[in-house]
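Sequence order for the protein chains is A, B and C.
For the first sequence, the positions run 1190 to 1454 when my numbering is used.
For the second sequence, the positions run 466 to 716 when my numbering is used.
For the third sequence, the positions run 10 to 281 when my numbering is used.
In this text, a Cβ means the ideal position worked out from N, Cα and C, and glycines have one as well.
Everything numeric in this text was worked out from a predicted model, so none of it was measured.
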Amino acid sequence: MIELKDVYFSYPSGAVLEGIDLTVKKGEYVGIMGHNGSGKTTLARLITGLLLPGKGYVRVNKIFTTDSERLLDIRRSTGMVFQDPDAQAIGETVEEDMVFGLENLGLPVPEIDTRIEKYLDLLGIRELRHRNIRTLSGGQKQLVNLAAVMVMEPECIILDEPVSMVDARCRKMILQHIARLNHEGTAIVHITHDPEELIRCHRLIVLSRCRVTNQGTPHEVFGQLLDEKKMDVPAPYAISRKLGLSPVLTIKALLEELCRSRSGN
Amino acid sequence: MIGIYSHGRSYMHLLDPRTKLALMVGMGLLIYSAQLPALTVLLALVLLLSRASGLPYTRLVQGLRPVLVFFSVIFLAHLLFTPGKPLIEGLVVPTVEGVTTGSVLVLRFILLILYTSIMTYSTSPSGLNYALTFFLRPFGTFGTDLAFMTGTAMTLIPGLFREKDTITKAQAARGYKPRGMKGFTALVVPLMNRSLKRVDELSDALESRCFHSKRRYYYYRQTLANRDYVAVGIYVVLAGVVLFVRFEARF
Amino acid sequence: MSIEIRQLTHIYDASTPWETIALDRIDLTISKGTVFGLVGGIGSGKSTLASLMAGLGTPAHGSITIDGEPPDPGRNVGILFQQPEDFFFEKTLFEDMASGLLHLGLTEEEVHKRIHSTLDLLGLDHQILDRSPFHLNRGTLRLAAFATVLTMRPGYLILDEPTASLDPKSRKRLVEVIKRISGDIAIIYISHRLQEVVAVSEYLAVLEQGKVAFTGTVPGYLDWATGQDAWEYLPVLNQVMYGLQRLGFDVDLNVACLEDAVEQIRLSLERT
Chain A
1190 MIELKDVYFS YPSGAVLEGI DLTVKKGEYV GIMGHNGSGK TTLARLITGL LLPGKGYVRV
1250 NKIFTTDSER LLDIRRSTGM VFQDPDAQAI GETVEEDMVF GLENLGLPVP EIDTRIEKYL
1310 DLLGIRELRH RNIRTLSGGQ KQLVNLAAVM VMEPECIILD EPVSMVDARC RKMILQHIAR
1370 LNHEGTAIVH ITHDPEELIR CHRLIVLSRC RVTNQGTPHE VFGQLLDEKK MDVPAPYAIS
1430 RKLGLSPVLT IKALLEELCR SRSGN
Chain B
466 MIGIYSHGRS YMHLLDPRTK LALMVGMGLL IYSAQLPALT VLLALVLLLS RASGLPYTRL
526 VQGLRPVLVF FSVIFLAHLL FTPGKPLIEG LVVPTVEGVT TGSVLVLRFI LLILYTSIMT
586 YSTSPSGLNY ALTFFLRPFG TFGTDLAFMT GTAMTLIPGL FREKDTITKA QAARGYKPRG
646 MKGFTALVVP LMNRSLKRVD ELSDALESRC FHSKRRYYYY RQTLANRDYV AVGIYVVLAG
706 VVLFVRFEAR F
Chain C
10 MSIEIRQLTH IYDASTPWET IALDRIDLTI SKGTVFGLVG GIGSGKSTLA SLMAGLGTPA
70 HGSITIDGEP PDPGRNVGIL FQQPEDFFFE KTLFEDMASG LLHLGLTEEE VHKRIHSTLD
130 LLGLDHQILD RSPFHLNRGT LRLAAFATVL TMRPGYLILD EPTASLDPKS RKRLVEVIKR
190 ISGDIAIIYI SHRLQEVVAV SEYLAVLEQG KVAFTGTVPG YLDWATGQDA WEYLPVLNQV
250 MYGLQRLGFD VDLNVACLED AVEQIRLSLE RT
């Protein structure tokens, strides 16, 4: 549903993206990994038409992001969660914040009510409904930001470093919500510098110095990265490879693998 | 404090946002036209309304703190430079008339802030936006845009105060004392810098949530209830009393 | 020689519906000659604690003393705020670095000497002093902001998220400098990334919703987190080691790096 073709983008200070080709299919979970300054955030903003490419094109559901008449259709089908939990709330209370997007979609009031109920429950934040967002913790704020985007039920959600500012417990929770969301059919573009966040994605893309350097399944890409020693890979993957076991991504799988290898001895 | 909303079910919270906005404007006119005796009545009323909305007095008064210096200057200027019967002998003399005009002016400002505080405390920004768009409807899209911009600007205010606080601290840690022109640039340049960033982030958030100029506020729409008519009735009586007192005071 | 924090409580918007308890009866002792890590997510109160330790603002209750005296920014304690590059405002970087020092009453000669020696210490090019802070890249500016605080020669230096949104090269450089100077200056390293804090500090405290959840040495922390059965609080490597321990593998929980972990697991596998 998302298609980038030979995209170039530069700021006055220099080029940030050069010759990017990328597609995201319906329901796919794509991870984009890169260091700070590798152009990840720019890429995210190009997809939703917040920025326009200098060369090449970006299409969402066959609509070019340069087509300003239909930009709203693009925004309807793509939601976006940003890094800073403090910088995204529009309403004062949680409910208001969720209502804002739904009013933009022009949904009837009963539909708004059912959707808000549904997503508050789904994310386990029902008791926060009437709280002033400013009084929430950082992790709770990010959950609310996710809720405000999810409630609009876009086909694809773009997450730009969604958990890099929250504490360990919230991080785990938000990552689980993201995985479930994808399982239920929403396409995800998850952008981060942390490989551990991307172990659940279907396809992994590495951005480095304005270009896509690696692309493939997490297993393929982490394998290449480990050989090239360019970037971090998830610890369980590195350990399993270095011990000569069959490569795994999660801690759980690594422990199972090690138990098997112990009883094999 | 102006601009901070808290969810609640008080009488003030339940009033239709349109009623509250209209009455707020009405109160502004009354405050503008009232003299000292009537102003004390309005002051008593604001304390009553604060109770009725569940806003604690301490918080109500806290909202005045940032403008305290401003008020003092106004009061002093009137005290010293209004011609009239001198209170004491000297080169610059405070006058009896100065005390009256000074306190009337300051009291008016204070009342305006207090009434606005109660309204924003008991009305969600979405409700307020709905009311604004309702009243600005005759002006077409210009009206709705204006309403939205006002509402959004309101949400940025508390953040701006927080930023100012952080920057003052950060500069103090580097040895700057917030004095003179240098102190001013040391505050304003980073504040501009950060505010622009904040506005950028907010506009990204708005756009990715499908904001468009034809959007309407309807979720928080209410139908006028008995309590709204009661509130308007009370206002009419009050306005009569205030104007009567003013009339009395003049002659 | 230490920072003593006793029963420190700080509340924002007290007695209002927006009342938030940022810090709740904090007790901490931070000794000189170490890197002390402070870990917590956004909103855990770590930035509030940082400002108060730096003598910026008055706590609602409790006390902070630095070597027995109240904190005095620029004298006994320095702080590098989050995103410090935002606070530059002069025409040249030199003016920006110097005017704070001049305010403190140093002679121009002394100011020059301090700025140049600090740039040497950080390995920064002296030419940047004549450039406008608005034309330098983020990594350089971050180091320059760091240098500005160092020129004040604080005995204690608080770094609030010093590596946030830096590219890996600048990040590495900053961490190297921090390690290098930590012999002379007590550093309080604040971050939400546990992995980063564990890598640079000897002692650490974990803040959670304004309370100290843990304080002690780094190995002590690993024990504590496993005792709490709180996997997600451990760096991933230690999570693996912890999992193995529970499965009866003979491995040490406290591993420094990936190679170390692999070696331990290999040995443990060979023994069985």
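Query                                                                                                                             : Result
DSSP-derived helix/strand/coil call for Asp169(C)                                                                                 : strand
Contact under 9 Å by Cβ, Leu243(C) with Cys266(C)                                                                                 : no
Contact set for Thr160(C): own chain, Cβ-Cβ below 7 Å, skip 5 residues either direction                                           : Met106, Leu110, Arg123, Ile124 and Thr127
Cα-Cα separation, Cys1448(A) to Ile1428(A)                                                                                        : 14 Å
DSSP three-state assignment for Thr149(C), whether helix, strand or coil                                                          : helix
C-beta contact flag for Thr1237(A) and Val1249(A) at 9 Å                                                                          : yes
6 Å CB neighbourhood of Glu99(C) in its chain, flanking five on each side removed                                                 : Asp105
Amino acids of chain A, ordered along the chain, whose beta-carbon sits closer than 7 Å to that of Glu672(B)                      : Leu1239 and Arg1264
The stretch 1410 to 1430 of chain A touching the stretch 258 to 265 of chain C, judged by at least three CB pairs closer than 8 Å : no
CB contact check: Ile1301(A) to chain B, cutoff 9 Å                                                                               : yes
Under the three-state DSSP convention, the category Ala638(B) falls into                                                          : helix
For Leu1332(A), the nearest candidate out of Lys1361(A), Pro1343(A) and Cys1345(A) (CA to CA)                                     : Lys1361(A)
Selection from Leu1438(A), Ile1346(A) and Ala1278(A) that minimises the alpha carbon distance to Arg1369(A)                       : Ile1346(A)
is_contact[Asp719(B), chain A] using C-beta, thresh 9 Å                                                                           : Outside the modelled stretch of chain B, which goes from 466 to 716, sits residue 719(B), for which no answer is possible.
DSSP bridge partner residues for Leu216(C) (one or two, in chain order)                                                           : Val221(C)
The stretch 609 to 625 of chain B in contact with the stretch 584 to 600 of chain B per 3-pair CB rule at 8 Å                     : yes
Interface flag, Val526(B) vs chain C, CB-CB below 9 Å                                                                             : no
Residue ranges of each alpha helix (DSSP H) within the stretch 1241 to 1328 of chain A, 4 or longer                               : 1260 to 1266, 1283 to 1294 and 1298 to 1311
Three-state class that DSSP yields for Phe716(B) in the structure shown                                                           : Because Phe716(B) sits at a pLDDT of 49, beneath the cut-off of 50, its placement in the model cannot be relied upon, and the point is left open.
C-beta atoms of Pro548(B) and Pro559(B) nearer than 9 Å                                                                           : no
Members of the stretch 590 to 610 of chain B near chain A, C-beta cut-off 8 Å                                                     : Pro590 and Ser591
Neighbour-count burial assignment, Pro228(C), 16 or more Cβ in a 10 Å radius                                                      : exposed
Chain-ordered residues of the stretch 50 to 65 of chain C with a beta carbon less than 7 Å from chain A                           : Gly50, Ile51, Gly52 and Ser53
Touch test, the stretch 1317 to 1327 of chain A against the stretch 1290 to 1304 of chain A, Cβ-Cβ under 8 Å, three pairs minimum : no
Partners in chain C for Ile632(B), counting only beta-carbon separations shorter than 7 Å                                         : Phe96
Under 9 Å between C-beta atoms of Pro80(C) and Ile73(C)                                                                           : yes
Residues bridged to Gly87(C) (per DSSP)                                                                                           : Leu166(C)
Beta-carbon proximity check, Ala517(B) vs Ser475(B), cutoff 9 Å                                                                   : yes
Ser56(C), buried or exposed, once every other Cβ within 10 Å from all chains shown has been counted against 16                    : buried
Rounded C-alpha distance that separates Glu279(C) from Gly1453(A)                                                                 : 11 Å
Pair within 9 Å by beta-carbon distance, Leu1414(A) and Pro1425(A)                                                                : no
Leu512(B) classed as buried or exposed, judged by whether at least 16 other C-beta atoms fall within 10 angstroms                 : exposed
Rounded Cβ spacing between Leu611(B) and Glu628(B) (contact assumed at less than 8 Å)                                             : Not confirmed; about 25 Å, so no contact.
Chain-ordered chain C contacts of Arg1451(A) [CB-CB under 7 Å]                                                                    : Leu278 and Thr281
Distance, Tyr580(B) Cα to Leu480(B) Cα                                                                                            : 15 Å
Beta-carbon spacing of Ile1221(A), Ile1394(A) below 9 Å                                                                           : yes
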